[in-house]
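Below is one structure, written out as structure tokens; the observations come after it.
In the working numbering, the protein residues as written are 132 to 492.
Here's what the structure looks like:
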């Protein structure tokens with residue numbers, strides 16, 4: 132009679148334990164392959180990760196190699212000693228003996244590894260495409276900035292040329308005319324009627340000279356070149372006698388990019404001209420500030436205002452109102468700026484020009 136401790140009775144349970152141990156060890160090995168594959172992809176650049184994963188697969192099942200291929204080649208037949216990811220981007224090639232030793236669970240684990248690598252390859256491709264697009268966009272933005280700067284520079288050169296022509300031509304002619312009129316006024320032979328007419332002509336000549344000088348200053352303000360935007364706007368406001376003007380400068384010290392200074396000065400110029408000639412206002416308040424990543428110029432007057440074609444903020448005046456607004460919008464568009472208008476009949480006008488500040492240097 133045999134007992135439970137006899138060798139023949141112990142052999143079967145021991146064998147089962149050994150089998151369970153080997154199966155557990157195999158599962159741990161498959162899990163470790165997947166976990167270490169994921170860790171390598173997360174930790175290293177793709178080429179280094181693929182090298183490491185090739186070694187992991189080799190340790191798992193024997194010699195192997197990983198090949199990346201174009202998904203368009205999915206129609207190509209895969210050899211018996213190879214395995215492809217589901218999207219066809221990754222091909223794992225094994226030694227013949229390795230394939231023969233694999234069980235279904237081993238193949239499933241290797242399929243997961245191939246798909247993990249394929250997903251990483253796809254993500255890397257998209258990242259490279261994104262970086263290429265960003266570089267292209269940055270280059271386009273640089274070219275656009277250069278084009279805008281060239282356009283504004285050309286416009287300012289044309290203005291300067293016109294200013295010089297006015298100064299050396301019409302202005303000098305008017306000054307000469309005034310001198311002749313003044314000389315004529317001193318003629319004792321003039322009758323009272325003629326003397327009065329000459330005096331009126333002299334006054335007209337003086338006003339014309341004053342207007343010409345203002346026009347020359349507007350065409351090319353020296354303050355904008357030498358001192359910057361706030362000083363140029365302040366100098367412009369100082370020429371306005373009939374309105375109480377105030378500048379609230381909240382910009383930090385330093386100069387803004389030249390293109391932004393030119394555009395915002397021209398917008399301020401149009402706003403001041405509109406306030407003087409069309410608004411019938413008593414007060415004009417101009418503010419400069421930085422709002423997030425934008426430079427903001429805001430002009431408020433207490434004049435007659437004007438009705439807007441759309442809702443408040445719609446920069447489209449009713450026909451016959453808002454002189455110069457189109458010029459403001461066109462200039463602002465050159466530097467990706469916007470113009471908001473808040474106005475109504477007999478309620479004044481508020482203009483808000485915003486320009487993105489990409490670079491302060």
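For glycine and all other residues, C-beta sits at the position ideal for the given N, C-alpha and C.
Beta-carbon within less than 7 Å of residue 475's beta-carbon, same chain only, minus the 5 sequence neighbours each way: which residues are those?
436, 438
Count the other C-beta atoms from every protein chain shown that fall within 10 angstroms of the C-beta of residue 254, then say buried if there are 16 or more, exposed otherwise.
By the neighbour-count rule (16 or more Cβ atoms within 10 Å), residue 254 is not buried but exposed.
With distances taken from CA atoms, which of 162, 144, 258, 293 is nearest residue 239?
162
Residue 413 in three-state terms, based on DSSP:
coil
Assign residue 472 to buried or exposed, taking buried as 16 or more other Cβ atoms, counted over all protein chains shown, within 10 Å of its Cβ.
buried
In whole angstroms, give me the CA-to-CA distance for residue 283 and residue 199.
The straight-line gap from Cα to Cα measures roughly 51 Å.
Less than 8 Å between the beta carbons of residue 248 and residue 184, yes or no?
Yes, the pair counts as a contact, with Cβ atoms nearer than the cut-off.
Tell me residue 225's beta-bridge partners as DSSP assigns them.
195
Can you give me the C-alpha to C-alpha distance between residue 377 and residue 470, rounded to a whole angstrom?
21 Å
So, are the CB atoms of residue 488 and residue 426 less than 8 Å apart?
yes
Measure from the alpha carbon of residue 537 to the alpha carbon of each residue in 479, 280, 367, then state which is nearest.
Outside the modelled stretch of the chain, which goes from 132 to 492, sits residue 537, for which no answer is possible.
If you follow the beta strand (DSSP E) that residue 486 is in, where does it begin and where does it stop?
Counting along the chain, the beta strand (DSSP E) containing residue 486 begins and ends at 480-487.
Quick check on DSSP: helix, strand or coil for residue 384?
coil
Counting along the chain, where does the beta strand (DSSP E) carrying residue 321 start and finish?
Premise fails: residue 321 is in no beta strand (DSSP E) and is neither H nor E.
So, using beta-carbon positions, are residue 244 and residue 168 closer together than 8 Å?
yes
Integer Cβ distance of residue 304 from residue 410, believed to fall under 8 Å:
Their Cβ separation, rounded to whole angstroms, is 33 Å, which puts residue 304 and residue 410 out of contact at 8 Å.
Alpha carbon to alpha carbon, what distance is there between residue 192 and residue 160?
10 Å
Residues near residue 349 by beta carbon distance below 7 Å, same chain, minus five either side:
Within the same chain, Cβ atoms closer than 7 Å to the Cβ of residue 349 are found at 400, the five residues on either side in sequence being excluded.
Residue 435 - DSSP class collapsed to helix/strand/coil:
coil
If you drop the 5 nearest sequence neighbours on each side, which residues of the same chain put their C-beta closer than 8 Å to that of residue 407?
Once the five neighbours on either side are set aside, the close Cβ partners of residue 407 are 371, 373, 374.
Reduced DSSP category for residue 451 - H, G, I as helix; E, B as strand; rest coil:
Note that residue 451 scores 45 on pLDDT, short of 50, meaning its location in the model is unreliable and no value can be drawn from it.
Could you round the C-beta distance between residue 361 and residue 308 to whole angstroms and report it? I think they count as a contact, below 8 Å.
About 37 Å separates the two Cβ atoms, so there is no contact after all.
Go ahead and label residue 327 buried or exposed: buried means 16 or more other beta carbons lie within 10 angstroms of its beta carbon, across all protein chains shown.
exposed
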